[in-house]
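Scroll down for the structure; my scribbles are underneath it.
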């Protein structure tokens with residue numbers, strides 16, 4: 017048992033799904049847009065330029081509070097966070113401090129192999145992003161720094177957890193659930209490659225069984241969930257070695273080096289008073305009424321964990337299948353729409369078709385999740401009908417794939433396609449026996465291996481039989497027939 021306990025808090029910045037910036041009318045620039053192509057006097061901090069709050073960003077912030085089970089404050093205030101850096105043209109960032117939009121929330125995470133844990137959310141507040149410093153152009157290092165102000169003023173929500181996370185795995189689970197919630201509620205796309213989701217880690221070690229926390233270390237430059245996990249594991253090892261050798265862990269900010277798989281000190285860790293926060297004089301306080309909060313909750317609708325529980329209760333799905341379906345809001349809506357056209361007995365078959373054929377084809381055709389229920393895909397009624405045919409044994413797995421693809425392309429009902437394509441499943445005993453004998457004859461080696469006790473040897477024989485029958489043989493009857501013939 018370790019002598020130390022790990023204490024972790026995460027600060028997550030998510031870019032809000034708005035068309036324009038937080039305090040000006042500049043359009044949000046595409047990730048690959050030319051540098052400084054979407055800027056104005058407001059976001060570049062020109063004298064006399066005044067900010068105006070983006071109401072859509074506020075609406076999304078309220079939705080985030082609802083999704084995170086937060087208390088949304090009736091009145092919240094913007095504040096100036098003062099610091100100097102080349103990518104911050106005003107020399108202050110408009111953020112929130114002592115009166116944030118949201119406080120006291122929670123996120124429930126799943127733990128492996130089973131169980132769950134609640135991670136408290138200390139606050140979620142609105143702020144603007146800074147610019148981007150470039151120290152290299154492609155592979156060419158520069159002996160000077162370029163600054164792109166396109167990201168200046170991009171609306172963010174910063175979500176700060178309480179120090180309730182105790183391992184790299186828990187941090188990974190928390191980030192995964194947070195991303196799902198933000199995407200589910202339409203708050204953020206959370207594309208880390210485009211800088212739409214960023215995470216800083218605050219980590220310290222304390223003596224096991226004590227309340228006194230160690231010095232906090234902040235880790236930055238984490239560009240993936242895997243990087244977060246790797247950095248935490250490295251930092252736990254680094255701090256453990258220091259404490260065991262009698263050294264003191266300094267309170268500092270460290271950068272994660274992906275190639276070297278280690279953290280490197282960047283600067284001493286700032287305290288809140290270093291930023292000289294004070295209320296933003298050019299912006300009025302935000303006032304969030306109960307009606308506005310209820311409207312935000314109504315727009316979100318059923319959250320993923322609640323939907324997962326409903327799928328398990330109403331349709332008898334197991335935990336894994338329900339989790340797959342609710343990993344994406346639009347995918348779960350395909351299941352709901354399909355089940356509205358059939359009965360509970362077909363729920364498993366509907367799930368298998370969605371998780372298998374539907375997702376594979378959608379990915380192949382690069383169909384976006386928001387288009388899953390559009391005419392670009394299979395009709396829910398047709399998916400439900402095909403699931404019913406699979407459950408009833410009218411068609412087998414191989415034929416079902418063919419029918420699914422044809423229904424997706426043509427919109428025709430599966431029962432019609434079954435006849436047109438001649439794919440009706442064969443359950444005639446005599447025909448099944450004839451195919452089975454041919455398959456055994458063609459696979460004498462596998463047949464002998466099965467007789468000698470090798471169960472997996474049955475696979476090649478069944479495969480040969482299904483090929484011979486062009487996928488029409490009833491799989492259950494095929495297995496039973498082959499085993500009976502080999503036993504005789």
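Residue numbers (this note's numbering): 17 to 504.
Using N, Cα and C, we set each Cβ at its ideal position, and we do this for glycine too.
Beta carbon proximity, residue i to chain C, threshold 9 Å
i	result
residue 353	Absence of chain C from the displayed structure is noted, only one protein chain being present.
Residue environment, residue i, which counts as buried when at least 16 other CB atoms sit within 10 Å
i	result
residue 354	buried
residue 434	buried
residue 305	exposed
residue 154	exposed
residue 441	buried
residue 307	exposed
residue 228	exposed
residue 175	buried
residue 485	buried
residue 296	buried
residue 91	exposed
residue 263	exposed
residue 22	buried
residue 342	buried
residue 234	buried
residue 277	exposed
residue 114	exposed
residue 247	buried
Beta-ladder partner(s) of residue i, from DSSP
i	result
residue 133	125
residue 456	Answer by DSSP bridge pairing: none, since residue 456 is not bridged.
residue 295	95
residue 24	181 and 219
residue 235	217 and 270
residue 244	The partner list for residue 244 (beta bridge, DSSP) is empty, contrary to what the question assumes.
Contact check, residue i vs residue j, beta carbons under 9 Å
i	j	result
residue 119	residue 138	yes
residue 142	residue 51	no
residue 24	residue 187	yes
residue 33	residue 204	yes
residue 388	residue 350	yes
residue 211	residue 313	no
residue 208	residue 177	no
residue 76	residue 202	yes
residue 173	residue 146	no
residue 333	residue 363	yes
residue 180	residue 134	yes
residue 215	residue 191	yes
residue 81	residue 309	yes
residue 448	residue 494	yes
residue 144	residue 111	yes
residue 31	residue 171	yes
residue 327	residue 338	yes
residue 365	residue 403	yes
Any non-hydrogen atom of the ligand COA closer than 8 Å to residue i Cβ
i	result
residue 81	Absence of the ligand COA from the depicted structure is noted, as is the absence of any ligand whatsoever, leaving it without description.
CB-CB length for residue i against residue j, believed under 8 Å
i	j	result
residue 567	residue 258	Here the chain comprises residues numbered 17 to 504, so residue 567 is not present and cannot be evaluated.
residue 481	residue 452	6 Å
residue 498	residue 458	With a Cβ gap of about 12 Å, residue 498 and residue 458 do not count as contacting.
Would you say the region 388-403 touches the region 363-371, given that touching needs at least three Cβ pairs under 8 Å? Using a C-beta cut-off of 8 Å, the region 388-403 makes contact with the region 363-371, since at least three inter-stretch Cβ pairs fall below that distance.
Could you say if the region 28-46 and the region 58-74 meet the contact criterion of at least three C-beta pairs nearer than 8 Å? Three or more beta-carbon pairs separated by less than 8 Å link the region 28-46 to the region 58-74, which places the two stretches in contact.
Tell me whether the region 99-112 and the region 311-327 touch, counting them as touching only if at least three CB pairs, one residue from each stretch, are closer than 8 Å. The answer is no - the region 311-327 does not touch the region 99-112, with fewer than three Cβ pairs under 8 Å.
Does the contact criterion of 3 or more C-beta pairs under 8 Å hold for the region 461-468 versus the region 415-423? Touching, no, given that fewer than three Cβ pairs across the two stretches are closer than 8 Å.
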